[in-house]
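Residues in the sequence shown are numbered consecutively from 51, following our numbering. Glycine included, each C-beta is placed from N, C-alpha and C at the ideal position. No experiment lies behind these values; they were computed from the predicted model shown. Inspection log for the structure reproduced underneath, given as structure tokens.
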Amino acid sequence: MRHTPDYVLDDVEAIRALVRENPWATIVSHVPGQGLVASHYPMLLDEDADGIVLLSHVGRPDERLHRLGEHEVMVIIYGPQGYVSPGWYDVSPAVPTWDFAVAHLHGTPEILSDEENLQVLDRLVAWFESPLPEPFLMHRTLENTAYAERIVHGTVGFRLRVDRFEAKDKMSQDKPAEVIAKIIEALRRPGPYENPKLADRIASTNGQEVTA
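Shown next as structure tokens:
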């Protein structure tokens, strides 16, 4: 993360929203004797907790790799991001840039019991299945419940209370409103850089119309 005051995102509720909307995360640890290690897992926001609290699980090999629970880890949350061409600005001189939203969340994981881990897995499945017309929930059938209870032993659940974070929300805020509108329009057009999610984020951040 570039340590400048530009584009800093320091609002806890905004970070919570970023996690909620972008649950696929990278877990990074510095492990003595190994150096940096990284794994990738979905994160669930604990909606009932104050501040930023993450819930998830890892496979047992990754739990050993990270020595999970023994030290601080960094969880990286990625929001919409993408290339912005200077050809869209219709001004000169101009240079390309990359717009992005990202958060680095730091804390020491608390390892959960198998029972708590099963509850977290249940919540994860419910969260991702709920938008579907026929959600396939973990306890949909007795057979499925029994299967989940068997495989849970191959995973390690954790709760991570975020002690500190760094985040940026760079969405072309340094550009005039008319240039921002052209960037949004370009990102919504079919083509190699079509990126409607980034277009919506730029629009929302800059107070412009979110939908085309």
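request  = Compute the Euclidean distance between the alpha carbons of Val141 and Arg52, then round it to the nearest angstrom.
outcome  = 27 Å
request  = Go to Gln131, then tell me how far its alpha helix (DSSP H) extends in each direction, as first and last residue.
outcome  = Not the alpha helix (DSSP H): Gln131 falls in the beta strand (DSSP E), residues Val123 to Val134.
inquiry  = Can you confirm whether the stretch 112-120 touches the stretch 231-242 when touching is taken to mean that 3 or more C-beta pairs between the two stretches lie within less than 8 Å?
reply    = no
ask   = For Thr255, which of Met221, Glu216 and Gly129 has the nearest alpha-carbon?
value = Met221
task = Between the Cα of Asp100 and those of Arg251, Leu155 and Glu63, spot the shortest distance and give me the residue it belongs to.
result = Glu63
ask   = According to the Cβ coordinates, are Arg23 and Ile102 closer than 7 Å?
value = In the structure displayed, the chain extends from 51 to 262; residue 23 sits before or after that span and is not available.
Alpha helix (DSSP H) runs contained entirely in the stretch 159-198, provided each spans 4 or more residues = 164-179
task = Please state if the CB of Val108 and the CB of Val206 are separated by a distance shorter than 7 Å.
result = yes
ask   = At which residues does the beta strand (DSSP E) containing Arg209 begin and terminate?
value = Thr205 to Arg211
key: Contact under 7 Å by Cβ, Leu134 with Ser79   = It is worth fixing the name first, because residue 134 is Val in this sequence and not Leu. No, the pair does not count as a contact, with Cβ atoms beyond the cut-off.
query = For Ala262, is the classification buried or exposed, using 16 other Cβ atoms within 10 angstroms of its Cβ as the cut-off for buried?
reply = Low confidence applies here, because Ala262 scores a pLDDT of 49, under 50, leaving its location unreliable and the question unanswered by this model.
message = Classify Pro242: buried if its beta carbon has 16 or more other beta carbons within 10 angstroms, exposed otherwise.
response = exposed
Classification of His202 by the beta-carbon crowding that lies within 10 angstroms, buried from 16 upward = What sits at residue 202 in the sequence shown is Val, not His. Counting Cβ neighbours within 10 Å, Val202 comes out buried, since at least 16 surround it.
query = Arg200: buried (16+ other C-beta within 10 angstroms of its C-beta) or exposed?
reply = exposed
inquiry  = Between which two residues does the alpha helix (DSSP H) holding Arg214 run?
reply    = Careful: Arg214 lies outside any alpha helix (DSSP H), inside the beta strand (DSSP E) at Arg214 to Lys220.
inquiry  = Can you list, in chain order, the residues of its chain with a C-beta nearer than 7 Å to that of Lys247? Leave out the 5 residues immediately preceding and following it.
reply    = Pro130
task = Assign Ser180 to buried or exposed, taking buried as 16 or more other Cβ atoms, counted over all protein chains shown, within 10 Å of its Cβ.
result = exposed
task = Pick out whichever of Thr158, Asn194 and Phe208 has its Cα sitting closest to the Cα of Glu165.
result = Phe208
ask   = Which word fits Val260, buried or exposed, when buried means at least 16 other C-beta atoms lie within 10 angstroms of its C-beta?
value = exposed
ask   = Are Lys218 and Tyr57 close, meaning C-beta to C-beta below 7 Å?
value = yes
request  = Compare the beta carbon distance of Gly83 and Asn245 with 7 Å and say whether it is the shorter of the two.
outcome  = no
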